[in-house]
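**Student:** Mind looking over this structure? Questions follow.
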Amino acid sequence: DVKVTQSSRYLVKRTGEKVFLECVQDMDHENMFWYRQDPGLGLRLIYFSYDVKMKEKGDIPEGYSVSREKKERFSLILESASTNQTSMYLCASSPPGTGGYEQFFGPGTRLTVL
Amino acid sequence: GESVGLHLPTLSVQEGDNSIINCAYSNSASDYFIWYKQESGKGPQFIIDIRSNMDKRQGQRVTVLLNKTVKHLSLQIAATQPGDSAVYFCAEQGGYQKVTFGTGTKLQVIP
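Next comes the structure, spelled out in structure tokens:
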């Protein structure tokens, strides 16, 4: 089974702090994604990566950056956390050949910014 | 069906009955349409997909119907069980690696 793990289930940070969210997958997937999930808004794509050191902006990249130094690890960075970034953050990975639509998700990190 | 807004649409179904979850999509050029299930405290889980050139696809206890004329997608769950209680998301894949998710429908199974 594919396993996608996220470094924290719950995180509380203060406004202005730099926040790192880590995601690791163990299935050698090329593609990795970061989403945020908010009530009534579904999942919105922040960034995705289709290879090491490659990244593409999603629908809401403002205020975020990403890093992919190793194939199995995809990090989401909040350079200066703000209260409107309080959300559930979901990481996913997908194998090549499916067009990226069959995604395997981690359990999520619920981030609260005070 | 799914809609944009602050309140999640909820479907309540008696255990053993069939469930139908509806979704309206926006992009006529999408190649694939997908359903995901998200149980409480977990990330979404892929259920089934349908290619844009198909009208119907069946899985284990689930059937997805695609009506391109009215841009409508539905997920039918046969003999709904308590374990089916979750939030269901439809999604569409328009560009490579780009999947757009709907806002979700909550399915409550009444024992």
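Listed in order, the protein sequences are those of chains A and B. Going by my numbering, the first sequence wraps up at 115, each residue one higher than the last. Going by my numbering, the second sequence wraps up at 271, each residue one higher than the last. Just so it is clear, CB atoms sit at the ideal spot from N, CA and C, and this is done for glycine as well.
For N187 (chain B), which residues in the same chain have their Cβ closer than 8 Å to its Cβ, ignoring the five residues on either side in sequence?
**Tutor:** E252, G254, T260
**Student:** Within the same chain, show all residues whose beta-carbon is closer than 6 Å to that of D215 (chain B), passing over the 5 residues directly before and after it, in chain order.
**Tutor:** L226
**Student:** Can you look up Q86 (chain A) in the DSSP assignment and give me helix, strand or coil?
**Tutor:** helix
**Student:** Under 8 Å: do the region 86 to 94 of chain A and the region 37 to 50 of chain A share three or more Cβ pairs, one atom per stretch?
**Tutor:** Yes: at least three Cβ pairs fall under 8 Å.
**Student:** E18 (chain A): which of A:F34, A:V5, A:I78, A:I61 sits nearest, CA to CA?
**Tutor:** A:I78
**Student:** Assuming L235 (chain B) and V224 (chain B) form a contact by the criterion Cβ under 8 Å, report the distance between their Cβ atoms to the nearest whole angstrom.
**Tutor:** 6 Å
**Student:** If I measure Cβ to Cβ from E199 (chain B) and keep anything under 6 Å in the same chain, skipping five residues before and after, which residues do I get?
**Tutor:** A246
**Student:** Below 7 Å between beta carbons: does that hold for G107 (chain A) and G203 (chain B)?
**Tutor:** yes
**Student:** Considering only their Cβ atoms, is the gap separating A82 (chain A) from V20 (chain A) smaller than 7 Å?
**Tutor:** yes
**Student:** Give me the residue from B:N178, B:K197, B:H232 with the minimum Cα distance to T265 (chain B).
**Tutor:** B:K197
**Student:** 7 Å is my cut-off, CB to CB: does E23 (chain A) come that close to chain B?
**Tutor:** Not an interface residue.
**Student:** Starting from M33 (chain A), follow the beta strand (DSSP E) in both directions and report where the run begins and ends.
**Tutor:** First-last of the beta strand (DSSP E) with M33 (chain A): 32 to 39.
**Student:** How far does the beta strand (DSSP E) with A184 (chain B) in it reach, from first residue to last?
**Tutor:** According to the DSSP assignment, A184 (chain B) belongs to the beta strand (DSSP E) that extends over 179 to 184.
**Student:** In the DSSP assignment, what residue or residues form a beta bridge with V170 (chain B)?
**Tutor:** The sequence given here has Thr at residue 170 (chain B), not Val. DSSP, once it has assigned bridges, lists B:K266 as partnering T170 (chain B).
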